[in-house]
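Read through the structure below, which is laid out as structure tokens, and then see the notes.
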Ligand code: PEP
Ligand code: MN
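Right under this line is the structure:
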């Protein structure tokens, strides 16, 4: 950390800063330039990060050298983290292809959608049982019944499942059913929730809040990592903007930015980022081209009847066409789509042979 002092700082003020630094068990290296005097702090930077040194008279600026997200940073771990979701790998050259409806609605619909996305090459099944809705009057999800349907459908089709948890009090319940927790954009800074999933060892898909900076996202990931759960996958899902042309503003540059700052995998969600089926393919491919470790897409077999986010859902055929392109791009980029388990029917067929 470097402390930049104000022009005209007095010797007493400099002494005071040096004393404060030394009282924290660190060494201070004073450097008097022609225009500015700076103090370099030598020792464990974490000890001073929490100190309000900028409030000391004569201090102009406190410049940290290390990022505050210690565990999530690339400095902490230069090699990429590979998160294993019940056998499906995400990160370090492996792509997570997450697809499914916004909400779990009923068993038959879930079964049809899962069969279609599996055939198209998806390796993880999504579906919300607890839905974070802007309106309290909008569909809130099936709750535990939805978790059961999602679990059964995933098992039948050999697809590990991803589902959202919104409330720290429900972590235990969702834990019993899911292979990966999703923390939605609206809950990215629900610190109690982050701490709670951090205390498990189940993978977490952490979505970027709609007004969150890249640093905010990494600080939220840090909450989970600091509890001991290192299985975190980040997700860029668009941020709020002035322009109503798309539901959110897809920040594709966040992908290589995060890869430069962190070892954690980062996937893209063009469904929530754009809110428009016609834009999803271009943004999915752009995300992969930018280095994303996976793509999260909402698929519904009858969007006009969907209980949430129907207008942004891809039809199974549209998803299949996009999946072909994503697979071709993955090959070009030398990425592997980690295979999921064969479906139960395929397993039985194999055993009968
Ligand atoms: C979702 O995945 O259905 C969802 C609500 O996403 P987000 O939290 O990104 O809005
Ligand atoms: Mn949705």
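Residue numbers (the working numbering): 1 to 353.
C-beta atoms are modelled at their ideal positions from N, C-alpha and C, and glycine is treated no differently.
Values in this document were obtained by computation on a predicted structure and should not be read as measured data.
Can you give me the start and stop residues for the beta strand (DSSP E) that residue i sits inside?
| i | result |
| --- | --- |
| residue 326 | Careful: residue 326 lies outside any beta strand (DSSP E), inside the alpha helix (DSSP H) at 316-332. |
| residue 344 | Careful: residue 344 lies outside any beta strand (DSSP E), inside the alpha helix (DSSP H) at 344-352. |
| residue 60 | 59-63 |
| residue 181 | 180-183 |
| residue 164 | 161-164 |
| residue 355 | Not covered by the structure: residue 355. The range shown for the chain is 1 to 353. |
| residue 85 | 83-85 |
| residue 90 | 88-90 |
| residue 126 | 124-126 |
| residue 30 | 27-32 |
My understanding is that residue i touches residue j, with C-beta atoms under 8 angstroms, so please give their C-beta distance in whole angstroms.
| i | j | result |
| --- | --- | --- |
| residue 362 | residue 4 | With the chain covering only 1 through 353, there is no way to say anything about residue 362. |
| residue 306 | residue 268 | About 21 angstroms separates the two Cβ atoms, so there is no contact after all. |
| residue 335 | residue 26 | About 44 angstroms separates the two Cβ atoms, so there is no contact after all. |
| residue 262 | residue 72 | 5 angstroms |
| residue 69 | residue 227 | So it is not a contact: roughly 14 angstroms between Cβ atoms. |
| residue 233 | residue 203 | 7 angstroms |
| residue 39 | residue 63 | About 11 angstroms; that fails the 8 angstroms criterion. |
| residue 208 | residue 231 | So it is not a contact: roughly 18 angstroms between Cβ atoms. |
What are the start and end residues of the alpha helix (DSSP H) that includes residue i?
| i | result |
| --- | --- |
| residue 110 | 107-120 |
| residue 41 | Here residue 41 belongs to no alpha helix (DSSP H); instead the beta strand (DSSP E) covers 37-42. |
| residue 286 | 280-289 |
| residue 307 | No alpha helix (DSSP H) contains residue 307, which DSSP labels as neither H nor E. |
| residue 56 | Element bounds for residue 56: n/a, residue is neither H nor E. |
| residue 151 | 144-157 |
| residue 230 | Residue 230 -> no alpha helix (DSSP H), and no H or E assigned at all. |
| residue 6 | Premise fails: residue 6 is in no alpha helix (DSSP H) and is neither H nor E. |
| residue 47 | 46-49 |
Below 7 angstroms, is the gap between the Cβ of residue i and the nearest heavy atom of the ligand SAH?
| i | result |
| --- | --- |
| residue 207 | The ligand SAH is absent from the structure shown, which contains only the ligand PEP and the ligand MN. |
Original post:
Using the beta carbon as the reference atom, which residues fall closer than 5 angstroms to any heavy atom of the ligand MN, ordered along the chain?
Top reply: Spelled out in chain order, the answer is 102 and 309.
Subject >> Cβ contact check for the segment 326-337 and the segment 126-145: 3 or more pairs under 8 angstroms >> reply: Verdict: no, contact absent.
Subject >> Those runs of the alpha helix (DSSP H) which lie wholly inside the segment 233-302 and span at least 4 residues >> reply: 254-261, 270-274 and 280-289
Subject >> contact_flag[the segment 298-317, the segment 96-113] where n(CB pairs < 8 angstroms) is 3 or more >> reply: These segments touch.
Subject >> Touch test, the segment 112-124 against the segment 158-166, Cβ-Cβ under 8 angstroms, three pairs minimum >> reply: Contact between the segment 112-124 and the segment 158-166 is established, with three or more Cβ pairs separated by less than 8 angstroms.
**OP:** Tell me the start and end of each unbroken beta strand (DSSP E) in the segment 176-216 that is at least 3 residues and wholly inside, in chain order.
**Re:** 180-183 and 204-207
**OP:** Determine, using beta-carbon pairs with one atom in the segment 281-296 and one in the segment 106-120, whether at least three such pairs fall under 8 angstroms.
**Re:** no
**OP:** Kindly confirm or deny that the segment 307-316 and the segment 51-58 touch, where touching means at least three C-beta pairs closer than 8 angstroms.
**Re:** no
Original post:
Just checking, does the segment 76-83 make contact with the segment 113-122 on the three C-beta pairs under 8 angstroms criterion?
Top reply: no
Subject >> At least three beta-carbon pairs within less than 8 angstroms, the segment 174-181 to the segment 132-142 >> reply: no
Original post:
Does the segment 312-319 come close enough to the segment 273-292 that 3 or more CB-CB pairs lie under 8 angstroms?
Top reply: yes
**OP:** Spell out a yes or no on whether the segment 332-351 and the segment 81-97 are touching, meaning 3 or more CB-CB pairs, one atom from each, closer than 8 angstroms.
**Re:** yes
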